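At position 808 of the sequence shown the residue is numbered 808 (the UniProt record's numbering), and the sequence of numbers has no breaks.
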Amino acid sequence: MKNITYISASAGSGKTYELTERLKGAILEGKCKPEEVILTTFTKAAASEFKEKAKAKFYEAGKTKESNRLDQALIGTVDSVANVFVQRYWYLLGISPKLNIISEEDESVYVSESLSSLPTEEQNKFFHKFAEVFKIRESMSYSINYDFWKNDLKAIFNASRSYSIKDFSESLEASKKLIQSLSLSCSKLNFDREELLGKLEALDMISKADKPSGARDNRIDETERFRRIIQNPKATQLEIGFGLAEMISKGKFTTKAYQASDDYLSLEAESDKIWTCEEVRDLQITYVEHLFEIAGRWQEKYIEYKKEQHILDYTDMEEYLLELITKEEYKSVQEDIKASYKYLFVDEFQDCSPTQIKIFDKLSDLVEQTIWVGDYKQAIYGFRGSDTALVKAVTDRIEKINGHSNETLGTSHRSWPPIVDVTNAVFVPAFSDILKEDEVKLDPWDRLEKEYNASKRTDLLKCWVLTEKVKAKKAAQIAGNIAKMIQAGEKPKDIAVLARTNSELTAVATALKDYNIPALVGDSEFQTSREITLLNALLSLVVNSNDTMARATIAYLTEDGYTAAAILDKRFEDKSNKVSDGKYLEDVSLIKMLMAKREAYKSMSVCALVESLIIEMDLYNVVKSWTDSDNSVNTFHTAISIAQAYEDHCIQMSLPCTIYGFIDYITTVKAKAAGMSDGVQLFTYHGSKGLQWKTVILMSLEDDILDENNLVGRGIYGVHTFHEDAPNAENPYPPMTVTVLPWIFGSAKGVPQSIKDIILESERFTQTRNEVIQEEKRLMYVAMTRPEQSLILVSLQDNGLLRLKEMGVNTVDSIPALEKSDILGTGQSFIIENPSDMEGWKFKTPENKVLKLYSPKEELRKRDQQPSSCKSDKNVKAETVFDSGKRITLRASNEEMNEVGTCIHNIFCVLEQNPTVEQAESIIRNHQMEKEIPNAAEIVDAWEFFEEFLTEKYGEKTATYHELPFKQFYNGQFFTGSIDFIWETKDGVILVDFKSYPGSKDDVVNPKHKHFVGIYAGQFECYERALKEAGKKVLVKLVYYHVLGVGVELK
């Protein structure tokens, strides 16, 4: 960990501006070249935004060349950056070059589908028994949930992937220890049946003396039910114990007569002991033993599955990259990275996973300068695998190594002064136990302060006091107040409502419909909607007619009878009958329609294609049965708007405009997608991160985040991760442990008091409570820093701000009946408003736009070009400069020659590091081409001859490059590709392209032959231009026909 600058960037403080300025400075000052930069972001959208703004900076400075060369920088998500290095060094990692990336969705499907086959027969029987003993029921049902264990197993699997947990032995021991801590005084159950029956007789006497009532009848029924269990000779001690506990729980023996009865009190005391008995403890321990044993086998099976399918997941890519930059055996890779890259920029550092942080730590040792930007206060994605304790420990370590405080950005470029002031007043003290004041406090930007002063507004801080507590009625009151704001001139799209859950937001969206006010539930209703899923599947099929997943998705969403099981059956049937992927589900109506027009669709621009698919496929009517038609129309309108925005984005960014690019864009541009709706924006607190609006309304403030039953039930029971030793500056990477504590209390809403008392006194509960408070502070910080001008808190009259109070804010217990009040105890007054009566008022929405199809004659936007599409207008001459006299033996058809060429090229990549026949044979096996390429030794000879020729003819190499990627703007188009091979000497570079043509040596030097080497002249000119832009001098352009054993120079 060296040469690291960490910048603490509070919300709205201009981190993107700061990063782009530092990048521009580093390049213009000659500290690095654009292609010597690695920059990682949290999302693809953020990567695009950064590149767009950075290129604009160079354009503004008149540095067009540097702006274009920024396309050579390695900018993207951590996963995409890791993938670049894995693809570059696959041959050293011992993996196949033909690897595909499994999506998170596909991984989730595999996980779900593989669960049932994992437990042994004995384990299945145990899970069945466990569910029945503890009455684990389906949600909202009385049916026993025999698959309950699957959710725990999935949670273990997800934790193991997020935190790179390979060995579950410590997790198993921690889980056992936790279970045993709740059973310290455990003993075997030993109920005396006759004694129990005698005590029930005493309860019956009390019940008979009661006045007739439903409560009395219930107690009699519960007593009788328990009596039948006792009298059943097959009933076990555990069944008797649970019968007693259920009688006590459901019978509600609360009258004075029962509470004064020694018989009842002794039964009540006995029921408490059941949950700490030896039998219950042993069942729980057996459960976690089975669970972790299955999890271990599951990991092995998943690894094997990926090997068989030649796939990687995102975690694999990160772990492979970490291996490449840490292990001694990959020293050459580390030297290569050190020579190729000088600057590393990391954005959103607080959201990084432990593996990602280790990657950045190790990369800092290889590059000359590292700049990390993050904000502990906005670390709210722990559920995705980030580790806030680790992030804090690492940033503290940087301070310690540097010997001075980390840098901070201290100005809010987002919010007007009242918002900045109240945020400072709330969160400087809230974070004082963890952060220094300058890491929290912001000053208003001068320009925004002038805007605020000129506005003369005094109504920017408000509190709406609701009178209703029921969700729907609360939503109606909120909608009424929003209607009043819109009536007064506010635009719906400038208003955002943030809440804890989507159900609250959906209630508000429903209530807004009463006023004809449009709304967008940003977290759930667009990117994940079935309309967009269908559209993306259709688009994918335009690109690749063999996309079986797209075909299955279309069938599942649009055709009756195509259940998931039916689709799988059809797939297996087609496979057994050797039906091609292009014929799979071809009778599905939409697939049939699309395939008939596919050639025309392929030539359309993205926006024209999206419109055409929606209209020509009549998608409005196709999806009518799913949801209300208004919502579908809005969704498709938004998709078309985003398609247009995507094309504009590509023009601004000088990026190729592709269908797959649009699919990525539409699923990642949350901010732009939300902003394209004219409606009120509705987001969860988590979903609002990275967004901003003029007015923000905060709901869910009355929630009790420290409710003990909730903390115990959700924070202790279930599957959780924790550090045995907390990360710190000296030891930032302690191992993460998973604990499992199964819920054994059936449908009960809380745990028995005897268990609860133990938990409340435990160190684990104190740690959980503190973590919840810290998480809440960060979440509320994100929410309260979204507004640009106005903040509105939604409260009940009493304890309506409990959520803020529990995180340490000095709120009032009851909102006073005043026009203004300092309700947060910060010195800032909030205007108090009550619900507005807007009955009868309707918002006049703009008329729906009429969609039109693009004319077929419309000029299409230029697409990204491959170097092979370049044509040369020069007179090309060819000269054979060497001939080994040896051919490579092949047994491949013409259709297989491309794959043969790729395989031989990949072998050449490996042979430079490890020139052995065994290594070549390994690559051939990975490509499954043992039949087509029978003699690996010939390829080794071909490479060694080629290396000897290059050395003798052009001099010793100073560096070599295989598959060097590049991107170049020329003559109004972008050319993207990779150069097969470069042999660099002290005088310049020899540019080499490998060809696997198996014909005659004379063909390639004959200008009249279709395989004349001159057809590649334009391609080489494209390569040469790119290398010149990178400051390289091209000495020779050479084609190596390795199968023929000859090298031909283009002149």
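No residue lacks a Cβ here, since even glycine has one placed at the ideal position from N, Cα and C.
Fair warning: this is a prediction, and the values are worked out from it, not measured in the lab.
Judged by their CB atoms, F50 and L321 are not nearer to each other than the 7 Å cut-off. When the alpha-carbon of L153 is set against those of F292, A379 and D704, the nearest one is in F292. Between the region 1014-1023 and the region 942-954 there are fewer than three C-beta pairs closer than 8 Å, too few to call the two in contact. Assignment of E984 by DSSP, reduced to helix, strand and coil, places it in the strand class. H1042 sits buried, since 16 or more C-beta atoms from the chains shown fall within 10 Å of its C-beta. In its chain, beyond the 5 residues on either side, A430, I705, I773, E776, K777 and M780 have a beta carbon closer than 8 Å to the beta carbon of M807.
A contact is defined here as three or more CB-CB pairs under 8 Å, and the region 1027-1035 fails this definition with respect to the region 880-892.
In this chain, the beta strand (DSSP E) harbouring F345 covers Y343 to V346. For the pair E201 and S187, the Cα-to-Cα distance works out to about 27 Å.
Three or more Cβ pairs drawn from the region 40-47 and the region 338-349 lie within less than 8 Å of each other, which places the two stretches in contact. With a 10 Å radius around the Cβ and a threshold of 16 neighbouring Cβ atoms, S893 comes out exposed. Taking all protein chains in view, the Cβ of Y660 is surrounded by fewer than 16 other Cβ atoms within 10 Å, so the residue is classified as exposed.
In this structure, the straight-line span from the alpha carbon of K1028 to that of H720 is close to 55 Å. For K602, the uninterrupted alpha helix (DSSP H) run begins and ends at S589 to K602, by DSSP. The shortest C-alpha to C-alpha distance from T467 to any of V738, I815 and K694 is the one to I815. Check the Cα spacing between T408 and each of S13, C870, I832 and I831: the tightest is with S13.
In this chain, the alpha helix (DSSP H) harbouring L92 covers W90 to L93.
The beta carbon of H1011 sits closer than 7 Å to the beta carbons of Y997, G999, D1003 and V1004 from its chain, once the five residues preceding and following it are set aside; these are given in chain order. Scanning the region 652-733 for uninterrupted alpha helix (DSSP H) segments of 4 residues or longer gives 659-668, 670-676 and 708-715, listed from N- to C-terminal end. The straight-line gap separating the alpha-carbon atoms of S432 and T737 is approximately 29 Å. The residue among E66, L39, S10 and Y17 with its C-alpha nearest the C-alpha of G30 is E66. DSSP places Y970 within a strand segment (E or B) once states are collapsed to three. For H962, the three-state secondary structure derived from DSSP is strand. Its Cα nearest to that of S8, the residue N406 stands out among N406, I716 and V133. When the five nearest sequence neighbours on each side are left out, the beta carbons in the same chain lying within less than 6 Å of the beta carbon of K1001 are those of L1044 and V1046, in order along the chain.
Under the three-state reduction of DSSP, Q865 is assigned to strand. Here DSSP, grouped into helix, strand and coil, assigns E944 to helix. A residue is called buried once 16 or more other Cβ atoms fall within 10 Å of its Cβ, and F572, having fewer, is exposed. About 4 Å separates the beta carbons of V992 and F981, which is inside the 8 Å limit, making them a contact pair. As summarised for the region 178-211, the continuous alpha helix (DSSP H) elements at least 4 residues long and confined to that stretch are 193-209, given in chain order.
Remark: C-beta atoms of L741 and L178 approach each other more closely than 7 Å. Nearest to G62 by C-alpha distance, out of I294, C277, W464 and L28, is L28. Contact check for L70 against A54 passes: the beta carbons are separated by less than 7 Å.
Proximity to K252 across E289, D262 and S207 peaks at S207, based on C-alpha coordinates.
Here Y452 is buried: its Cβ has 16 or more other Cβ atoms, across all protein chains shown, within 10 Å. Note that the C-beta distance between A1026 and F966 is below 7 Å.
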